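Undergrad: Each residue of the sequence shown is one higher than the last, beginning at 503 in my numbering.
Quick one: the structure is below, and I'll ask about it shortly.
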Amino acid sequence: MTTPGTAQPTRAELGAAPTTRPTRAELAAAADRTIPDVLAPGLAVLFVGINPGLWSAATGWHFARPGNRFWPALHRGGFTPRLLHPSEQDELPALGLGITNMAARASARADELSSEELLDGAAILTDKVGRYQPRCVAVVGVTAYRIGFQRPKATFGPQPESLAGARLWVLPNPSGLNAHFTPVTLGVAFAELRVATGLPERR
Numbered sequence: 503m504t505t506p507g508t509a510q511p512t513r514a515e516l517g518a519a520p521t522t523r524p525t526r527a528e529l530a531a532a533a534d535r536t537i538p539d540v541l542a543p544g545l546a547v548l549f550v551g552i553n554p555g556l557w558s559a560a561t562g563w564h565f566a567r568p569g570n571r572f573w574p575a576l577h578r579g580g581f582t583p584r585l586l587h588p589s590e591q592d593e594l595p596a597l598g599l600g601i602t603n604m605a606a607r608a609s610a611r612a613d614e615l616s617s618e619e620l621l622d623g624a625a626i627l628t629d630k631v632g633r634y635q636p637r638c639v640a641v642v643g644v645t646a647y648r649i650g651f652q653r654p655k656a657t658f659g660p661q662p663e664s665l666a667g668a669r670l671w672v673l674p675n676p677s678g679l680n681a682h683f684t685p686v687t688l689g690v691a692f693a694e695l696r697v698a699t700g701l702p703e704r705r
């Protein structure tokens with residue numbers, strides 16, 4: 503049996519071309535757009551991105567930019583039976599998974615968001631979690647979590663507090679700009695969350 507997160511990267515993980523590639527004009531026009539959540543009541547895990555990037559806003563797919571490691575990490579962590587393309591995001595609820603964001607508006611970089619946007623986003627997220635009642639909420643980005651929830655000393659992993667009754671977890675940011683984590687170590691972090699939530703390994 504393969505230890506979660508230890509497999510070598512596949513060609514797909516290293517940057518397969520998406521089925522739709524936005525033009526520069528389409529990417530520029532996507533700034534400040536919002537995209538729909540992938541959400542259903544009673545999910546096992548609701549993943550929370552920081553905010554949509556321009557590629558996601560242009561396509562309508564979460565974590566869509568080539569080089570973002572979210573989808574490979576989800577598969578390496580055993581959440582999905584195969585590597586899903588961002589365009590297949592609507593398959594997640596059947597697996598007990600969903601995606602939303604801390605801040606709704608798209609930007610080229612997450613650091614373009616203001617503290618006020620993240621604080622407001624945390625309040626909106628809390629209300630959303632109360633309505634949809636996922637068992638666990640996993641924020642992918644510790645800096646956004648620290649700012650939005652005013653927890654300046656928060657670290658990765660399980661958090662001591664809950665969120666509207668849901669268990670709260672912080673994962674590394676899967677952006678390709680986050681050089682502190684490799685595809686393998688991201689997979690390990692996601693696998694730790696899956697084990698903690700009691701979901702079976704899907705491979």
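From the three backbone atoms N, C-alpha and C, an ideal C-beta is built for every residue, glycine too.
Given the structure is predicted, the values throughout are model-derived calculations rather than measurements.
When the distance is taken between beta carbons, is residue 608 closer than 7 Å to residue 619?
TA: Contact: no.
Undergrad: Comparing C-alpha positions only, which one of 688, 630 and 644 sits nearest to residue 613?
TA: It is 644.
Undergrad: Do you know offhand how far residue 553's Cα is from residue 535's?
TA: Computed Cα separation, rounded: 10 Å.
Undergrad: Tell me the residue span of the beta strand (DSSP E) that contains residue 601.
TA: Segment 599-603, the beta strand (DSSP E) holding residue 601.
Undergrad: Please list, in chain order, all residues of the same chain as residue 653 whose beta carbon is under 7 Å from its beta carbon, the five residues on each side excluded.
TA: Closer than 7 Å at the Cβ level, and outside the excluded window around residue 653, lie 647.
Undergrad: What are the uninterrupted segments assigned as beta strand (DSSP E) that are 3 or more residues long and contained completely in the segment 547-610, given in chain order?
TA: Taking only runs of at least 3 residues, the beta strand (DSSP E) segments lying wholly in the segment 547-610 are 547-551 and 599-603.
Undergrad: Should residue 633 go down as buried or exposed, given a rule of 16 or more other Cβ atoms within 10 Å for buried?
TA: Burial call: exposed.
Undergrad: Please give me, in chain order, every unbroken run of the alpha helix (DSSP H) with length at least 4 that falls completely inside the segment 628-687.
TA: For the segment 628-687, whole alpha helix (DSSP H) runs of length 4 or above, ordered along the chain, are 644-650.
Undergrad: Would you mind sorting residue 685 into buried or exposed? The rule is 16 or more other CB atoms within 10 Å of its CB.
TA: Looking at its Cβ environment, which holds 16 or more other Cβ atoms inside 10 Å, residue 685 is buried.
Undergrad: Please work out which residues of its chain come closer than 7 Å, Cβ to Cβ, to residue 559, disregarding the five sequence neighbours upstream and downstream, and give them in chain order.
TA: Closer than 7 Å at the Cβ level, and outside the excluded window around residue 559, lie 532, 535, 537 and 608.
Undergrad: By the 10 Å Cβ neighbour count, where 16 or more other Cβ atoms means buried, how is residue 550 classified, buried or exposed?
TA: By the 10 Å Cβ count, residue 550 comes out buried.
Undergrad: Using a Cβ-Cβ cut-off of 7 Å (strictly less than) and excluding sequence neighbours within five positions of residue 563, which residues of its own chain qualify?
TA: The residues are 588, 589 and 591.
Undergrad: Could you check if residue 523 is buried or exposed, using at least 16 other CB atoms within 10 Å of its CB as the buried criterion?
TA: Label assigned to residue 523: exposed.
Undergrad: Excluding five sequence neighbours on each side, which residues of the same chain lie with their C-beta closer than 6 Å to the C-beta of residue 660?
TA: If we look at residue 660 and ignore the five residues flanking it on each side, its Cβ neighbours are 671.
Undergrad: Taking C-alpha atoms, which residue in 582, 525 and 603 lies nearest to residue 539?
TA: It is 603.
Undergrad: In the DSSP assignment, find the alpha helix (DSSP H) that holds residue 528 and state where it starts and stops.
TA: It spans 526-531 - the alpha helix (DSSP H) in which residue 528 sits, taken as one unbroken run.
Undergrad: Can you name, in chain order, every residue of its own chain whose Cβ lies under 8 Å from the Cβ of residue 581, other than the five neighbours on each side?
TA: Around residue 581: 547, 597, 599, 692, 696, 701 and 704.
Undergrad: Taking buried to mean at least 16 other C-beta atoms within 10 Å of its own C-beta, is residue 574 buried or exposed?
TA: Residue 574 comes out buried.
Undergrad: Using only the alpha-carbon positions, how far apart do residue 694 and residue 530 sit?
TA: Whole-angstrom Cα-Cα distance: 37 Å.
Undergrad: Please report the straight-line C-alpha distance between residue 528 and residue 565, rounded to a whole angstrom.
TA: Taking the straight line from one Cα to the other gives about 17 Å.
Undergrad: I'd like the list of long-range same chain contacts for residue 666, defined as Cβ closer than 7 Å, with 5 residues on each side in sequence excluded.
TA: Hits under 7 Å: 628, 631 and 632.
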